[in-house]
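Asker:
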Amino acid sequence: MDDQGAGRPAWPAWVYGGGQDPDVRFSLANERTFLAWVRTSMALLAGGVALDAVDLDGPRGLQTLLAVVLVLLGLGGAAVAWVRWAMTQRAMRRREPLPGTRALAVFALVLIVVAAGLVVLVL
2 MDDQGAGRPA WPAWVYGGGQ DPDVRFSLAN ERTFLAWVRT SMALLAGGVA LDAVDLDGPR
62 GLQTLLAVVL VLLGLGGAAV AWVRWAMTQR AMRRREPLPG TRALAVFALV LIVVAAGLVV
122 LVL
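For what it's worth, the numbering used here labels the leading residue of the sequence shown as 2, then goes sequentially.
#1: Who are the near neighbours of A87 in its chain, counting only those whose CB is closer than 6 Å to its CB and skipping five residues on each side?
#2: Would you mind working out which of M93, G59, A92 and L73 sits nearest G118, comparing C-alpha positions?
#3: What residue does the alpha helix (DSSP H) around V39 start on, and which one ends it?
#4: Would you say the stretch 67-82 touches the stretch 93-108, given that touching needs at least three Cβ pairs under 8 Å?
#5: Consult DSSP for R91 and reduce its assignment to one of helix, strand or coil.
#6: Could you give the residue range of the alpha helix (DSSP H) that holds L57?
#7: I'd like the list of long-range same chain contacts for T89, defined as Cβ closer than 7 Å, with 5 residues on each side in sequence excluded.
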């Protein structure tokens, strides 16, 4: 199905421009994964804002840096989530292997570094 709604082309065209509709269960699972990443990104954004709002005993510069990194992780996570959703949806439509990514490993590593920085800041 290449149309979404009455006469409107599905968006984005590079995702829906070819292939066949996958099993709806797989499309919904892909969407649930996307939404989980969006929720995670929103939590990281909120964490960054909260960290900047409180006054912890420790170097203010480190606190601000960690808050900025959390906000950037939230923004990056949302962007990666959308790209991953689109690439996975496109691969399913074309009956191709699902794409891999290094972004998730980088995301996890940066989050580990931020968590270590928070431990240093709090203790």
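Note that the Cβ used here is the ideal one computed from N, Cα and C, for glycine as well. Nothing here was measured: the structure is a model prediction, and the numbers come from that model.
Answerer: On the basis of the supplied data:
#1: V16
#2: G59
#3: V25 to A54
#4: yes
#5: helix
#6: It is not in any alpha helix (DSSP H) - L57 carries neither H nor E in the DSSP assignment.
#7: N31, L99 and P100
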